[in-house]
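Residue numbers (mature numbering (1 follows the signal peptide of the UniProt record, and there is no 0)): -23 to -1, 1 to 519. Structure first, then comments.
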C-alpha cells in the first residue's frame, strides 16, 4: 500500500495541527481480544529527528485506539539500529498512560540498520514468556510490526522465515527509502495484506488506519462459508483453515490430509510401515511374524533358492538412484536365509555391456552379500536387457558360477530390475529363461515399459511383475517380492540334499509313491461305493 497524494488544503490543515492530534485515529476504541503485539522501530541515523518524532506520535496515537490490558492486548516496543534496545516488554505495563510515557522518553540510537538482528531479538526475547508473552498453548496471536526507512545491513529473509515458522505474524512498513524486496522477505503471507510502503513519515497514518481495522475483533469463522475441513481460525487477516494434529493442510487451503509419518521419520520397519494418526506401526507379510522389537520380521520359511539379481546400471538410472537400488537389493537380502545350504545370491549389472558383480557361489552369509552390494560401482551407458538375460541363462545359473545341479531340484529365480525400455530384443532370452525352468520376476521403475516387464516375467504376471513410479517410493514393492520369492514348498533347509540316483533316495521315493497310490486306491473305492449307492437310489425311484 503506497501513501496516496492528498489535496493541498487537507494536507495544509493536517500539517498545521499538532503532531499528536494529527495521528489520532477516528472511531470508537477497537476491541482486539487477546493479542501480543510488538513494535520493532528503526531508529538508525537515516531517520531524521522530526521523522522519529512523527513515528513516536504514530505509536501513541495507535495505542489510544487499542484495548490494552493483561487479558486483552499486550504491547511491547523495541528500537534498533546497529544494536537492539527494549523500550518496554510485553508484560511491563497494563495501563496505556505508562506505555505512552515510555514511548515519549525514547532516545534514538542513531547508528546502522541491523533489521535482521532486531527480528531475531523479537523472536527469541521479546515474544518469550519471560518477557510477558503468553504461552503458545494459550493460542494468543503474536504480531510484530516492523517500521523501517532503509535497506537492512544484514540478512533478514532467513530469520524472518524462522519467526514466521514460530507463529509470529509480521507486518513490514517501509517509509521513503525502504527496500521493497526486504519488506517482502520479512512479511507474512499474503504479502498484499502485510507489506506497506508509504512515501513519508507524515503519511504513516495511512498504515495506522488500515492496521487498526485489522486488529478489531471479527470472528470471521462465525459467518460465511469458510469450507474448512477440520477447523477454522479467525486471524487478523481473515479466516484461516487449520488441520487437526497429525494432518497437513493441502494447497487449496481448506482440505486436510493425514500426515504420512512413515515418509517423515526413520521408522526402521523391515517390511512395511503404516501411519495411524499420530503414530505408526510396522507390518510383516503373510506367513511372517513381527518380532519383539516391533520392527523386524522373522525369516521367511527356510528353503533352498538360487537367486540371481539383474540390476540396470544404465545412465538413465543416475548415481543417486543407483544407491537407492542397492539399498533396495539389500532389503531383499535381509529376508532371505542366505547360506551355502540355503539361499545363494548372485548379482549381475548391465548397461551397454554385462558384468557379473559376484556369482552365486561366492558369499555364504547375508552380511557378506550386503557388503558386496554396497561396493558395486555404477556403470552408466545404455540398456541392453536382452544381453543381460542371455548372460544370466548361459552363465549365471551354471554350476561353475555356484548354481546347484539341476538334479537337486533347487528353485532357480531371476529378478530383473530396470528403469526403461531395452535397446535390444528381449523376447528370445526372456522365453529361453522360462524354458530353462528359471522363475522370472520383473521390477520396473519410472519409465520402465509394462509390455517388456510382462514379457520378462513368469506367469501369472500379477505375481511376478512389480512397478514403482519413483525410486524413492519403491520400497513398497518388497511386499510382493517377499511373499513370492520365499519358497512355500521348497526343500527344508534342515534336510540333507542328496542325489536322486542314490539308493536311499530311490527307496524313499518308492515308499512315498506306494503310499500315494494306496491313498488313491482307497479314494477310488469310496467313489465307486458312492456311485453304486446313487444307482440304487435311482432304481428305487423308477
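Backbone N, C-alpha and C fix where the C-beta goes; we use that ideal spot for every residue, glycine too. Note that the structure is predicted; figures quoted are calculated from it, not measured.
**Prompt:** With respect to the beta strand (DSSP E) encompassing residue 340, which residues constitute its N-terminal and C-terminal limits?
**Reply:** From DSSP, residue 340 is part of no beta strand (DSSP E); its letter is neither H nor E.
Beta-carbon within less than 6 angstroms of residue 118's beta-carbon, same chain only, minus the 5 sequence neighbours each way: which residues are those?
12
* To do: Excluding the 5 residues preceding and the 5 following residue 397 in the sequence, name in chain order all residues of the same chain whose CB lies nearer than 8 angstroms to its CB.
  => 289, 291, 293, 360, 423, 424, 425 and 426
To the nearest angstrom, how far is the alpha carbon of residue 101 from that of residue 226? 27 angstroms
Task: Beta-carbon proximity list for residue 205, same chain, < 7 angstroms, skipping 5 on both sides - done: 218 and 231
Close beta carbons around residue 517, own chain, < 7 angstroms, minus the five adjacent residues each side = none
* Spatially closest choice to residue 281 from 139, 155, 381 and 22, by CA coordinates -> 381
Quick one, are the C-beta atoms of residue 406 and residue 367 less than 8 angstroms apart? Yes; because the gap between Cβ atoms is below 8 angstroms, this pair is in contact.
Practice prompt. Would you mind sorting residue 466 into buried or exposed? The rule is 16 or more other CB atoms within 10 Å of its CB.
Written response: Note that residue 466 scores a pLDDT of 39, beneath 50, so its modelled location is shaky; the value from the coordinates is reported in the next line. Looking at its Cβ environment, which holds fewer than 16 other Cβ atoms inside 10 Å, residue 466 is exposed.
- Query: Any chance the segment 252 to 259 sits against the segment 319 to 331, with 3 or more Cβ pairs inside 8 angstroms?
  - Reply: Three or more beta-carbon pairs separated by less than 8 angstroms are not found between the segment 252 to 259 and the segment 319 to 331, which leaves the two stretches without contact.
Query raised in the report: Any idea what DSSP makes of residue 207, helix, strand or coil?
Result: coil
Residue 124 burial status per 10 Å Cβ neighbour count (16 or more: buried): buried
Between which two residues does the alpha helix (DSSP H) carrying residue 159 extend?
157 to 163
**Asked** Who does residue 220 pair with in a DSSP beta bridge?
**Response** Residue 220 is not bridged to any residue.
(request) For my contact list, residue 104 and residue 110 are in at a C-beta cut-off of 8 angstroms; report their separation, rounded to the angstrom. (result) 5 angstroms
Between which residues of its own chain and residue 313 is the CB-CB distance below 6 angstroms, once the five residues before and five after are set aside?
Result list for residue 313: 320, in chain order.
Do you know how far the Cα of residue 447 is from the Cα of residue 165?
34 angstroms
* Asked: How is residue 449 classed by DSSP in three states: helix, strand or coil?
  -> helix
### Message
Suppose you measure from the CA of residue 74 to the CA of residue 245; what does that come to, to the nearest Å?
### Response
In this structure, the alpha-carbon of residue 74 lies about 60 angstroms from that of residue 245.
How many Å lie between residue 91 and residue 24 at the Cα? 14 angstroms
Exercise for the section: With residue 383 as the anchor, note down where its beta strand (DSSP E) starts and where it stops. Expected result: From DSSP, residue 383 is part of no beta strand (DSSP E); its letter is neither H nor E.
> Is there contact here, the segment 45 to 61 with the segment 139 to 154, by at least three beta-carbon pairs under 8 angstroms?
Replying inline: Cβ pair count under 8 angstroms is below three, so no.
Check your understanding: When the distance is taken between beta carbons, is residue 286 closer than 8 angstroms to residue 374?
Key -> no
Would you decide whether residue 510 is buried or exposed? Buried here means 16 or more other CB atoms lie within 10 Å of its CB.
-> exposed
*Which stretch, first to last residue, makes up the beta strand (DSSP E) that contains residue 417?*
For residue 417, the enclosing beta strand (DSSP E) begins and ends at 415 to 422.
Task: Helix, strand or coil at residue 123 according to DSSP, with G and I counted as helix - done: strand
Q. For residue 310, which residues of its own chain have a beta-carbon under 6 angstroms away from its beta-carbon, when the five flanking residues on both sides are left out?
A. 343, 346 and 347
Helix, strand or coil: how does DSSP classify residue -12 here? Model confidence at residue -12 stands at a pLDDT of 23, short of 50, so the residue's coordinates are unreliable; what they give is reported in the following sentence. Taken through DSSP and simplified to helix, strand or coil, residue -12 comes out as helix.
I'd like to confirm the pairing. Which residues does DSSP put opposite residue 149 in its beta bridges? 123 and 172
Taking the straight line between their C-alpha atoms, what separation do you get for residue 172 and residue 148?
So the two alpha carbons sit approximately 6 angstroms from each other.
- Task: Quickly, what does DSSP pair residue 235 with across the bridge? List them, please.
- Result: 224.
*Would you list, in sequence order, the uninterrupted alpha helix (DSSP H) runs of no fewer than 4 residues that lie entirely inside the segment 40 to 103?*
73 to 81 and 92 to 98
Q. Which residues bound the alpha helix (DSSP H) around residue 362?
A. 362 to 368
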